[in-house]
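Participant: What follows is a structure written as C-alpha cells; I'll ask about it next.
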Amino acid sequence: MGLFMGSGPCSVNRDGNSTKRLEYSWIDQANVVYIDQPVGVGFSQITDRDQIAVTLKQGVQDVYSFLSTLSHDVFPELAGRPWHITGESMGGHYVTAYTQYIASLERENANKGLEPRINISSAVILDGYIDATRQFVGYYDFFCTDWASDGRKAPLMNATACAAMEAAIPTCEVMATRCRESYDIEICRAANEVCEETLGKYFLDGVRPGGWDPYDSRHPCEIPPICSNLAYGPTWKYFNRNWVQKKLGFHNFPFNLIDFDMGERWENDGHIHLPVTRELTWILDETDIKVLFINGNNDIIINTPGQMRMLDEQPWKGQAQYQSLGYTDWHFSDGEVTTDVEGWGVRRGGFWKGTDRLRFYSVDEAGHLSAYHQPEAIGAILRSWLDEY
Numbered sequence: 001m002g003l004f005m006g007s008g009p010c011s012v013n014r015d016g017n018s019t020k021r022l023e024y025s026w027i028d029q030a031n032v033v034y035i036d037q038p039v040g041v042g043f044s045q046i047t048d049r050d051q052i053a054v055t056l057k058q059g060v061q062d063v064y065s066f067l068s069t070l071s072h073d074v075f076p077e078l079a080g081r082p083w084h085i086t087g088e089s090m091g092g093h094y095v096t097a098y099t100q101y102i103a104s105l106e107r108e109n110a111n112k113g114l115e116p117r118i119n120i121s122s123a124v125i126l127d128g129y130i131d132a133t134r135q136f137v138g139y140y141d142f143f144c145t146d147w148a149s150d151g152r153k154a155p156l157m158n159a160t161a162c163a164a165m166e167a168a169i170p171t172c173e174v175m176a177t178r179c180r181e182s183y184d185i186e187i188c189r190a191a192n193e194v195c196e197e198t199l200g201k202y203f204l205d206g207v208r209p210g211g212w213d214p215y216d217s218r219h220p221c222e223i224p225p226i227c228s229n230l231a232y233g234p235t236w237k238y239f240n241r242n243w244v245q246k247k248l249g250f251h252n253f254p255f256n257l258i259d260f261d262m263g264e265r266w267e268n269d270g271h272i273h274l275p276v277t278r279e280l281t282w283i284l285d286e287t288d289i290k291v292l293f294i295n296g297n298n299d300i301i302i303n304t305p306g307q308m309r310m311l312d313e314q315p316w317k318g319q320a321q322y323q324s325l326g327y328t329d330w331h332f333s334d335g336e337v338t339t340d341v342e343g344w345g346v347r348r349g350g351f352w353k354g355t356d357r358l359r360f361y362s363v364d365e366a367g368h369l370s371a372y373h374q375p376e377a378i379g380a381i382l383r384s385w386l387d388e389y
C-alpha cells in the first residue's frame, strides 16, 4: 500500500488507470524494498491459506529469509549496508517485533562466529499499532481535551460522554498493566475488551455513515468499517487491471489492498491482542538501533495522544530523559526540515520531541495514512533521519 500511497516513486491517479511521479519520495534517499507480507497478502502467493502466518514469530521467519537472500545472494553489493525497517498501521507490530527478532538472531549468529546478514540501524513506525490499550485511553484525550495545546476545538464529545470516559481510565489502565506484565493472550484480550467497552464505545458508536471516520477525523464516514474508498479505490482498481498485471507477471490475480481474511485469521489466533512493548524495550535497552515514531494528528484509530502516552510510559533505560522533554514545533520547506521558521514557504509540520535513541513527530493535517496525506512533510522527516547515517 505504501508503495503507491505516499512513499514510493509514483501515486495512482483518480482514474485508477495511470500514475504520476511523486515528489519527495523515499526512494530519493535510499534503496527501498516494499514487501507484501505475511506471505499470502497483496501479490505474494501461498498455495494453502491455512498455512498463512498468524503470529509475528511465524511471519518474521519468512521476512528474514527473504531479506537475507536478497542482500547476500541477489544483490551482494548491499551486504553490510545499514537497514531501516519501516511500516504503517499494523506495521507497528511488524516493525517492532521483526526488528527485535532479527537483531537477536544476528547477535546469536555473531556469537557462533557466523557472518552477519542484516544490519538494522533504525526502525521507523508511522501511525503504528503498538499497544491497543493506549489508544483507547487516547480516545479520551483526543475527543475531550486540547491535547495538542494549540487551541483546537475541544471537547468533541458531550460532557456526559467525556466524564464517563475519564472515569473509566483507571480500570482500563489496571487491566492494561496486567496485559503488559503477563503477555497472556486471554488477559490481553480481556484488557482490550474492557477498555473498548468503557472508553472506546463512545467513539465506536459514532462510526456510522456521516459519523466519525476512524482513519481521518477531517472527513465523515462513508460506509463502515473503513469509511472511505481506501480498500477499493484507484490503487485497487489500478492493480487489478489486466494490462498492469500483465506487466507485473500476473494474470487475473485477485489483488486486494486490505486482506480481510488474513485479519480474521489473526483475530481468531489471538496473538494480535498482545502489545509489542517488551520488544520495544529490548530494542532500546539491548541494541543501538534508533526508533522513530511518526503520527498523523487527524488519525483516531491510532491517535497521537495515545502514542504520546505510550512512549512517555514505555519502560527503558532512557525513559526518564525522554519523559522529561517538552514538545516543540517543527517546520519544513521544500522537502526539508528547517529551523528557519520565518523563511519563504516554511510551514509548521506538527510538534516533536526525542533523544538520540527515540523520537516522536506528530504531523498536522494527516490521518492514518499520514505519508499519503502529507508526503512532503513525512519525506522531510525521513530525510532528516537518514542524514544521520
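Following UniProt numbering, the numbering of the sequence shown begins with 1 at its first residue and continues without gaps. Using N, Cα and C, we set each Cβ at its ideal position, and we do this for glycine too.
Would you grab the beta carbon distance between residue 276 and residue 103 for me? Rounded to a whole angstrom, and I think it's under 8 Å.
Facilitator: Taking the sequence shown and counting its residues from 1, the one referred to as residue 276 is at position 276. Taking the sequence shown and counting its residues from 1, the one referred to as residue 103 is at position 103. That belief does not hold up - the Cβ atoms of residue 276 and residue 103 are roughly 14 Å apart, past 8 Å.
Participant: As an exercise, report each continuous alpha helix (DSSP H) stretch of at least 4 residues that is fully enclosed by the stretch 47-92, in chain order.
Facilitator: The stretch 47-92 contains these whole alpha helix (DSSP H) runs: 56-69.
Participant: Does the stretch 290-298 touch the stretch 362-377, meaning 3 or more C-beta pairs lie closer than 8 Å?
Facilitator: They touch, by the three-pair rule.
Participant: Exposed or buried, which one is residue 331 when buried takes at least 16 other CB atoms within 10 Å?
Facilitator: Walking along the sequence shown from the start, residue 331 turns up at place 331. Buried.
Participant: Would you mind reading off the limits of the alpha helix (DSSP H) that contains residue 176?
Facilitator: Translated into the one-based positions of the sequence shown, residue 176 becomes position 176. That run of the alpha helix (DSSP H) goes 159-182.
Participant: Grouping DSSP H, G and I as helix and E and B as strand, with all else coil, what is residue 219?
Facilitator: On the sequence shown, position 219 is the one that residue 219 refers to. Coil, per DSSP.
Participant: Going by Cα to Cα distance, which pick from 352, 281, 336 and 341 is closest to residue 319?
Facilitator: Residue mapping note: residue 319 aligns to position 319 of the sequence shown, counting from 1. Ranking 352, 281, 336 and 341 by Cα distance to residue 319 puts 281 first.
Participant: Contact between the stretch 375-388 and the stretch 322-342: three or more CB pairs below 8 Å?
Facilitator: Touching, yes.
Participant: Taking the continuous beta strand (DSSP E) assigned at residue 10, which residues delimit it?
Facilitator: As a working mapping, residue 10 is identified with position 10 in the sequence shown. Here the beta strand (DSSP E) through residue 10 covers 10-12.
Participant: Could you give the distance in angstroms between the alpha-carbon of residue 346 and the alpha-carbon of residue 383?
Facilitator: The residue you call residue 346 lines up with position 346 of the sequence shown. The residue you call residue 383 lines up with position 383 of the sequence shown. Going from the Cα of residue 346 to the Cα of residue 383 covers about 16 Å.
Participant: If you run the structure through DSSP and keep just helix, strand and coil, what is residue 362?
Facilitator: One-based indexing of the sequence shown puts residue 362 at position 362. Correct three-state label for residue 362: strand.
Participant: For residue 19, which beta-bridge partners are listed by DSSP?
Facilitator: By one-based count along the sequence shown, residue 19 stands at place 19. In DSSP, residue 19 forms a bridge with 12.
Participant: Counting along the chain, where does the beta strand (DSSP E) carrying residue 126 start and finish?
Facilitator: Taking the sequence shown and counting its residues from 1, the one referred to as residue 126 is at position 126. It spans 119-126 - the beta strand (DSSP E) in which residue 126 sits, taken as one unbroken run.
Participant: Assuming contact is defined by CB atoms lying nearer than 8 Å, are residue 199 and residue 168 in contact in what I supplied?
Facilitator: Position 199 of the sequence shown, counted from the start, is the residue given in the question as residue 199. Position 168 of the sequence shown, counted from the start, is the residue given in the question as residue 168. Closer than 8 Å, so yes.
Participant: In the DSSP output, which residue or residues are listed as bridge partners for residue 336?
Facilitator: In the sequence shown, residue 336 corresponds to position 336, counting from 1. Per DSSP, 333.
Participant: My understanding is that residue 188 touches residue 179, with C-beta atoms under 8 Å, so please give their C-beta distance in whole angstroms.
Facilitator: Start at 1 with the first residue of the sequence shown, and residue 188 comes out as number 188. Start at 1 with the first residue of the sequence shown, and residue 179 comes out as number 179. About 4 Å separates the two Cβ atoms, so the contact holds.
Participant: Take residue 317 and list the residues in its own chain whose beta-carbon comes closer than 8 Å to its own, dropping the five residues that flank it on each side.
Facilitator: Here residue 317 refers to the residue found at position 317 of the sequence shown. Counting only Cβ-Cβ distances below 8 Å, and skipping sequence neighbours, we find 284 and 285.
Participant: Using the beta-carbon count (16 or more within 10 Å), is residue 235 buried or exposed?
Facilitator: One-based indexing of the sequence shown puts residue 235 at position 235. Looking at its Cβ environment, which holds 16 or more other Cβ atoms inside 10 Å, residue 235 is buried.
Participant: Excluding five sequence neighbours on each side, which residues of the same chain lie with their C-beta closer than 6 Å to the C-beta of residue 305?
Facilitator: As a working mapping, residue 305 is identified with position 305 in the sequence shown. Correct list, in chain order: 138, 141, 142 and 147.
Participant: Spatial neighbours of residue 12 within its chain, please: C-beta separation below 6 Å, excluding the five flanking residues on both sides.
Facilitator: Reading the sequence shown from its first residue, position 12 is the one you call residue 12. 4, 19, 234, 235 and 238.
Participant: List the DSSP bridge partners of residue 295.
Facilitator: Within the sequence shown, the letter at position 295 stands for residue 295. Paired residues: 362.
Participant: Should residue 323 be labelled buried (16 or more other beta-carbon atoms within 10 Å of its own) or exposed?
Facilitator: Sequence index remark: in the sequence shown, residue 323 carries index 323 (1-based). With fewer than 16 Cβ atoms within 10 Å of its Cβ, residue 323 is classed as exposed.
Participant: Can you pull the DSSP bridge partners for residue 354?
Facilitator: Position 354 of the sequence shown, counted from the start, is the residue given in the question as residue 354. Beta-bridge pairing links residue 354 to 359.
Participant: Excluding sequence positions up to five away, which residues of its chain have a Cβ less than 7 Å from the Cβ of residue 287?
Facilitator: For the purposes of this step, residue 287 is taken as the residue at position 287 of the sequence shown. Result list for residue 287: 103, in chain order.
Participant: Looking at the unbroken alpha helix (DSSP H) that takes in residue 201, where does it start and where does it end?
Facilitator: On the sequence shown, residue 201 is found 201 positions in, with the first residue counted as 1. Note, residue 201: alpha helix (DSSP H), 201-204.
Participant: What residues in its chain sit with their C-beta under 6 Å from that of residue 79, if we drop five residues either side in the sequence?
Facilitator: By one-based count along the sequence shown, residue 79 stands at place 79. 71 and 72.
Participant: For residue 39, write down the residues that DSSP places opposite it in a beta bridge.
Facilitator: Here residue 39 refers to the residue found at position 39 when the sequence shown is read from its first residue. For residue 39, which the question treats as bridged, DSSP gives the partners 41.
Participant: Taking a contact to mean a Cβ-Cβ separation below 8 Å, would you say residue 9 touches residue 21 in this structure?
Facilitator: Counting from one through the sequence shown, the residue named residue 9 turns up at place 9. Counting from one through the sequence shown, the residue named residue 21 turns up at place 21. Yes. Within cutoff.
Participant: Might you give, ordered along the chain, the residues of its own chain that have their beta carbon closer than 8 Å to the beta carbon of residue 14, omitting 5 neighbours on each side?
Facilitator: Counting from 1 along the sequence shown, the entry for residue 14 is found at position 14. So the qualifying residues of the chain are 234.
Participant: Flag this pair as touching only if the stretch 117-136 and the stretch 82-101 have three or more C-beta atom pairs under 8 Å; answer yes or no.
Facilitator: Contact between the stretch 117-136 and the stretch 82-101 is present, because at least three Cβ pairs lie under 8 Å.
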